[in-house]
Amino acid sequence: MDMGRDIEELVKEAERQIRDHKWILTPKDRAVAAKAADDLHAAVGAPQAQQDLPAVARLEHLREALAAVAIALAHVHGRMAWFLGAAATALTPILHWRAMPAEHGPTFGAVPPPVEQYTEAEDAIRRLQSTLAGIATA
103 MDMGRDIEEL
113 VKEAERQIRD
123 HKWILTPKDR
133 AVAAKAADDL
143 HAAVGAPQAQ
153 QDLPAVARLE
163 HLREALAAVA
173 IALAHVHGRM
183 AWFLGAAATA
193 LTPILHWRAM
203 PAEHGPTFGA
213 VPPPVEQYTE
223 AEDAIRRLQS
233 TLAGIATA
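Under our numbering, think of the first position of the sequence shown as 103, with each following residue one higher.
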């Protein structure tokens, strides 16, 4: 799993499509991108602020970010939907993480990720947020 790499490849493809005029941004694309960028920023702020939080809060913020991508996806069609769908897919490992102890019971396959994976996911979301903010103002 390399969310950072997956998001970076996705961002590069989006930037290429926009630059090559294969993806013509609509006002709705820009509006959805702006809202999603704001929501991602609210969910996963500055790196130091996130790293100072307990794992359960970090995971909560990561799930909020993934939910923001899914909500944005529900409001668009075409290339923006494909872009956001691919972003959501890249972030799906977050759904299999847990930050709480299992206490001798089943976890539905949820696993505690290493701290580095929280940081990788947060950085990937920040990269996605930056790209969406750029789309909003393009």
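For glycine and all other residues, C-beta sits at the position ideal for the given N, C-alpha and C.
Does DSSP put Val178 in a helix, in a strand, or in coil?
coil
Cβ shell of Ala170 (< 7 Å), same chain only, five flanking positions each side left out
Ala138, Asp141, Leu142, Ala145
How should Leu175 be labelled, buried or exposed, when 16 other C-beta atoms within 10 angstroms of its C-beta is the threshold for buried?
buried
On the premise that Leu186 lies in contact with Leu168, defined as a C-beta separation below 8 Å, what is that separation, rounded to the nearest angstrom?
With 8 Å as the limit, Leu168 and Leu186 do not qualify as a contact, their Cβ atoms being about 11 Å apart.
Quick check on the burial criterion: 16 or more other C-beta atoms within 10 angstroms. Buried or exposed for Val134?
buried
Whole-angstrom distance between Ala240 and Ala148, CA atom to CA atom
24 Å
Would the region 217 to 232 and the region 119 to 134 be scored as touching if the rule is three or more Cβ pairs under 8 Å?
no
Measure from the alpha carbon of Pro129 to the alpha carbon of each residue in Gln150, His179, Met105, Val158, then state which is nearest.
His179
Kindly indicate which three-state DSSP category Val213 falls into: helix, strand or coil?
strand
Could you have a look at Trp199 and say whether DSSP puts it in helix, strand or coil?
strand
What do you reckon, are the CB atoms on Met105 and Glu222 nearer than 8 Å?
yes
Whole-angstrom distance between Val213 and Glu198, CA atom to CA atom
According to the sequence provided, residue 198 is His. The question's Glu does not apply to it. For His198 and Val213, the distance between alpha carbons rounds to 6 Å.
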